[in-house]
Amino acid sequence: MEQNTNLKELEQRLGYQFQNLNYLETALTHSSYANEMKKSVSSNERQEFLGDAVLSIIVSDYLFNTFHLAEGDLTKLRAAMVCEKSLFEFSEELGLGQFLKLGRGEEMMGGRTRPSILADAFEAVLAAIYLDGGIEPARKLVLGFVVDLLENKGRFAFTDYKTMLQEIIQKNPEERLTYALVEESGPDHNKRFVVEVHLNSNVIGQGVGGSKKSAEQAAAKEALKLMGQL
4 MEQNTNLKEL EQRLGYQFQN LNYLETALTH SSYANEMKKS VSSNERQEFL
54 GDAVLSIIVS DYLFNTFHLA EGDLTKLRAA MVCEKSLFEF SEELGLGQFL
104 KLGRGEEMMG GRTRPSILAD AFEAVLAAIY LDGGIEPARK LVLGFVVDLL
154 ENKGRFAFTD YKTMLQEIIQ KNPEERLTYA LVEESGPDHN KRFVVEVHLN
204 SNVIGQGVGG SKKSAEQAAA KEALKLMGQL
């Protein structure tokens, strides 16, 4: 009865009510606990595997649709979002440690506060929500942390110059912003792109990069400098 009460409290923190609490119970079961049980008990390792994939697609989709960044920058940003440190912080905010089922040895070694265990538990809980309710409640949980991390904690040193420029130009609806590839050279493994950004018919910036997206970012940065915004 106490365990169910605890799970209800965790559901409130997660903002999600399970149809099948077994998914959540499994997500909170560390392998050290499962190994000590005489009866067959599943640990959270399989759900952790699934949660890792669900987390990656949710974060990738959000970053792709939110930021006009080159592939390399998106990859770095996603890696920062889904690294152990970030997942540990998410787990800490939820207080997942107090709900975990740990073996005696792991309990004595401070497993409830160990970053690797808490990071894995977050992925397993995410998988539990996905298995029980699908991608949308899983997305809601993840983005609640990711958006806060991006907007409020200032950890990530990147600037989306294209979005900055677009937001400035949008204040004048009659103005039209476009990007034009004016040069492409070099072998496939070492490409060089030159892009111009046009305001109506006027060139307001030019950028060079190893991809079209990075060249566009460089062009937008130059345009912002020209406009006195940087």
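Oh and the sequence shown: position 112 is 115 in the numbering used here, straight run, nothing missing.
Positions of the beta carbon are idealized from the N, C-alpha and C atoms, including for glycine.
Compare the beta carbon distance of residue i and residue j with 8 Å and say whether it is the shorter of the two.
i    : j    : result
L144 : I132 : yes
G108 : S35  : yes
D135 : Y26  : yes
E178 : A122 : no
G208 : A218 : no
Q20  : E12  : no
Just how far apart, CA to CA, sit residue i and residue j?
i    : j    : result
V150 : L24  : 28 Å
Q22  : A130 : 14 Å
E186 : S94  : 47 Å
Q50  : E225 : 46 Å
L66  : L180 : 22 Å
N9   : V57  : 25 Å
V85  : T69  : 17 Å
V211 : Q220 : 9 Å
G106 : G213 : 51 Å
I61  : H192 : 29 Å
S59  : L153 : 16 Å
A73  : L184 : 15 Å
V206 : R115 : 57 Å
M4   : L31  : Bear in mind that a pLDDT of 30 at M4, under 50, signals an unreliable position, so the model cannot answer this.
Label residue i either buried or exposed according to how many other C-beta atoms from any shown protein chain fall within 10 Å of its C-beta, with 16 as the threshold for buried.
i   : result
H33 : buried
S43 : exposed
Mapping DSSP to helix, strand and coil, what is residue i?
i    : result
E5   : Unreliable placement is indicated for E5, whose pLDDT of 39 sits below 50; the coordinate value is still reported in the next sentence. In the structure shown, E5 sits in a helix (DSSP, three-state: H, G or I).
K104 : strand
R195 : strand
L202 : strand
A29  : The residue asked about is misnamed: residue 29 is Thr in this sequence, not Ala. Helix at T29.
F21  : coil
R1   : In the structure as shown, the chain starts at 4 and stops at 233, and residue 1 therefore has no counterpart that could be examined.
Along the chain, where does the alpha helix (DSSP H) that runs through residue i open and close?
i    : result
A82  : 74-85
G208 : Per DSSP, G208 belongs to no alpha helix (DSSP H); it is in the beta strand (DSSP E), 205-212.
L184 : Here L184 belongs to no alpha helix (DSSP H); instead the beta strand (DSSP E) covers 180-188.
V57  : 48-69
E170 : 164-172
Mind checking whether the beta-carbon of residue i lies closer than 7 Å to any heavy atom of the ligand MG?
i    : result
L103 : The ligand content of the structure shown is nil, which means the ligand MG is not present either.
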